[in-house]
Structure formats: structure tokens, C-alpha cells
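Numbering (my numbering), first residue to last: 69 to 439.
Ideal placement from N, C-alpha and C gives every residue a C-beta, glycine not left out.
Everything numeric in this text was worked out from a predicted model, so none of it was measured.
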Ligand code: FAD
Ligand code: UDP
């Protein structure tokens, strides 16, 4: 009998599967209901040899040494540093909003005044979440805070989450703070990059172990065998047949377009916080510097997740949802052999490095319990 079942071949599933197979020398069956491995990080070369990120742009970034060292066993990375351009009132500028942005969107004299006041009020290099930034007494800074709230956050967040920034967990908008700095990068993590052969290849390398068997197009609910341990990276509410109710998610619809020219835009990601129904446009060939005289972009439209209609992408961090999640988790604790992990299993807005770190941590626990 195979001892371990891993449900889901994304980063969470692949990490725990690899660790059990290689460190405990036990057999692992990995299943996924999709027809491919890599979960939401799945990428592939299209007919123009452009690496497409099927479920949205994925940029690896971490300051977690352990995760970086772990992943480096399976891939090399390029030296890509992610920058995001936003179009505000027709002007292309940098997101997160920083000191350079002031000079793009305001006349020079006003930008200088605001810069001086900002540097008096905040330490250089500080990241200030927008909801905190809005609490200003100074008239100029109040004007700036209202401007940033309106032009960067209000409409984008409403498009993305269906509610205004004040009704979204502060940690969500804090991912893109107001940055008292001239650093135009989206992330300041020590390690960042794109795997040289793509994410799917990384996961393939992780799963390429004699103790691991992978079965695609296989849904957990159709399995009949028993397993000593089950690691479940799918949605916990679905596992329990929505017994306490459905956990809500946001989904995303990517509309792909191919153009018969070399480039569509100058950057991988351009945000449209104020205009259009989509939130951002991705142009994939920039990530690995793919050469082609054609280009492929995707416009990203956010929508509610509905069972059977679209995919779960973003858990919605909100007290009532966490309460509901905890009901499921308490039920899971009554069972002996099931472990939930990953963005869907933990119902947490994990980036890739956090999903991997969580799986490594869980493995350490399992290893200890193993004696
Ligand atoms: P998933 O990748 O979702 O994998 C879960 C797998 O389980 C899926 O393949 C699913 O098919 C399978 N499954 C579910 N239920 C069943 C079942 N019943 N039976 C069989 N299989 C099942 N992170 C970053 O670090 N940088 C980024 O730039 C970034 N960009 C993102 C952009 C978008 C639009 C989204 C949605 C996420 C982004 N992320 C990014 C986060 C990243 O996608 C996640 O951290 C990562 O995918 C989590 O991996 P996972 O294995 O937990 O989940
Ligand atoms: N956000 C915004 N305007 C932007 C970029 C981000 O309002 O131009 C807010 C929005 O609420 C978004 C959140 O910040 O959901 C986090 O943005 P991030 O780019 O981290 O989202 P992800 O890449 O995970 O979709």
C-alpha cells in the first residue's frame, strides 16, 4: 500500500511530496484533477515559443534563505526584478507609489514640496500601508493621501475585490504600500527571479523521484483506496462537502490576445487602476526575454468564484471567513491522518515562497511525529 497521498501538484503538494519521498524514503502518490502539474504556477511554451503563465503572472521573490536554498536544488533563476507600471490619468508611472511617482504625476514644485514633507513625516525607506497613510493632519499630505487612495487603490481594489479598500483586510492593500523611497521595484526581497526553464519544469523536477508517482486528471473524490497520511492542498470546504457553508473566493478571468508585432507594452505588467474593467495587462515574453516577432498578452478581469464555473484564486481574508475556515479546521483536527496545506487548504493568501515554507514546516512536524 502507498503510505502517502498528496492531493494537488502545485508548489505545496510538490514540496511535501518531495520531502517525504527523499527524506523519509517513503512512497508518495500525487494526484491532481487538472491535466497538468504546477497548479496555479503552471506555465508552458506557446506556438511562438513564448512562455505563458496560464493562471497569471508569477514572479518568485523571497527573503527566506531556507526556501531559496530549497528551490535552488531544482532550478536556476534569471535576475529579473519586477517593476509595475500604472497608468494614472494617462500618465505612465511606478507602482508602489513612491517619491519618483510624485514627480511623474505632479508639477515639479508641488512634487518637491510633497517630497520634503514626506521625508519629514516618515523615515526614508519606510513602507506605509494606504489605510495608515490616509491618517494625515498636514493639508498637503492629506491631499496626497486622498490622491493616492483615489487614483491607485479605490478603483483597482473595487475591481479586484468587489468592495472598497476600507472593506478589504488591511493586509491585502498593505502588500502594495506607499513607499517612501526611490526604489522602483515591486518587491525588495533579497532573492527574486523567474526559473530559467519555467515553473512547470521546477515542479516536474521536484516530482521526479523514484518514490513519487503522479496521476493527473484524478479527483480525490473518485479515489477508493485508504492512505496512512493524506496531504490535501485543495479547498477544505469542498473536502467536507460544504457542510458548514462555502468559503468565498475571488476568481480571475484572463483574456488572451496575440499580436503580430514584437512588443505590446514596455513592461511585463501594466496596471490600470482608474480605467477599464480589467485590473492589469500582462505581457509574458518580457519575463524570460523570449525572442519572437509576435507577442501574447492577457487582460486580467476579477470575478467572484462560483463552484463549477471558474477557479478558486484568492481566499478573501475577512473575520467571518476565517471563522468559517476554523470550523472546518477543527473538524480536520478530529481526524488523525489528514493534513491541510496550501492556499486552498489553509485558506491563506500565500505567495509561492510562503506556500513552500508552510509545506517545509509541516514536513518537519510529520517527521518528528514519525519518531
Ligand atoms: P495551487 O497552485 O492552487 O495548487 C493546488 C492544486 O490542487 C491544483 O492544481 C488543483 O487542481 C489541485 N486540487 C484541488 N482540489 C483537488 C481535488 N479534489 N483532487 C485533485 N486535485 C485537486 N505568488 C508569488 O510568489 N508571486 C507571484 O507573482 C504570484 N502571482 C499570482 C498571481 C495570481 C493571479 C494568483 C492567483 C496567485 C499568485 N501567486 C503568486 C500565488 C501562487 O499562485 C500560490 O502561492 C501557489 O500557487 C500556491 O500553491 P498551492 O500548491 O498551495 O496551490
Ligand atoms: N492594489 C491597488 N492598486 C494597484 C495595485 C494593488 O489597489 O495598482 C491593491 C489591490 O487591492 C490588490 C492588492 O493591492 O488586490 C494587492 O496587490 P498585489 O499586486 O500584491 O496583488 P496580486 O498580485 O496578489 O493579485
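Residue i in three-state terms, based on DSSP
i: residue 261; result: strand
i: residue 190; result: coil
i: residue 106; result: coil
i: residue 390; result: helix
i: residue 111; result: strand
i: residue 327; result: strand
i: residue 133; result: helix
i: residue 395; result: helix
i: residue 149; result: coil
i: residue 286; result: coil
i: residue 216; result: helix
i: residue 88; result: helix
i: residue 407; result: strand
i: residue 127; result: coil
i: residue 253; result: coil
i: residue 236; result: coil
i: residue 166; result: strand
i: residue 156; result: strand
i: residue 224; result: helix
i: residue 402; result: helix
i: residue 309; result: coil
i: residue 292; result: coil
i: residue 344; result: coil
i: residue 83; result: helix
i: residue 444; result: Because the chain here runs from 69 to 439, residue 444 falls outside it and cannot be looked at.
i: residue 211; result: helix
Cutoff 7 Å; reference residue i; Cβ partners in own chain excluding five residues on either side
i: residue 106; result: 77, 78, 267, 268, 271
i: residue 147; result: 261
i: residue 195; result: 245, 247
i: residue 305; result: 314, 315, 396
i: residue 370; result: 227, 228, 318, 320, 347
i: residue 361; result: 330
i: residue 237; result: 385, 386
i: residue 103; result: 284, 285
Cα-Cα separation, residue i to residue j
i: residue 294; j: residue 155; result: 54 Å
i: residue 94; j: residue 71; result: 7 Å
i: residue 278; j: residue 73; result: 15 Å
i: residue 382; j: residue 417; result: 6 Å
i: residue 392; j: residue 331; result: 45 Å
i: residue 385; j: residue 101; result: 26 Å
i: residue 394; j: residue 414; result: 10 Å
i: residue 289; j: residue 198; result: 43 Å
i: residue 151; j: residue 404; result: 45 Å
i: residue 223; j: residue 124; result: 20 Å
i: residue 401; j: residue 215; result: 47 Å
i: residue 398; j: residue 411; result: 18 Å
i: residue 116; j: residue 109; result: 20 Å
i: residue 307; j: residue 207; result: 53 Å
i: residue 356; j: residue 240; result: 28 Å
i: residue 351; j: residue 363; result: 7 Å
i: residue 183; j: residue 301; result: 46 Å
i: residue 97; j: residue 409; result: 16 Å
i: residue 292; j: residue 311; result: 21 Å
i: residue 205; j: residue 297; result: 56 Å
i: residue 127; j: residue 210; result: 33 Å
i: residue 287; j: residue 164; result: 40 Å
i: residue 427; j: residue 299; result: 10 Å
i: residue 258; j: residue 131; result: 5 Å
i: residue 433; j: residue 144; result: 29 Å
i: residue 325; j: residue 340; result: 17 Å
i: residue 213; j: residue 225; result: 16 Å
i: residue 358; j: residue 149; result: 16 Å
i: residue 169; j: residue 276; result: 46 Å
i: residue 89; j: residue 388; result: 38 Å
i: residue 429; j: residue 253; result: 29 Å
Residues near residue i by beta carbon distance below 6 Å, same chain, minus five either side
i: residue 378; result: 319
i: residue 353; result: 118, 363
i: residue 367; result: 323, 346, 349
i: residue 425; result: 132, 135
Identified DSSP bridge partners for residue i
i: residue 195; result: 247
i: residue 97; result: 73, 281
i: residue 383; result: 317
i: residue 369; result: 321
i: residue 119; result: 113
i: residue 350; result: 337, 366
i: residue 161; result: 154
Own chain partners of residue i with C-beta closer than 8 Å, once the 5 adjacent residues on each side are dropped
i: residue 274; result: 82, 83, 85, 86, 142
i: residue 191; result: 248
i: residue 281; result: 70, 95, 96, 97, 98
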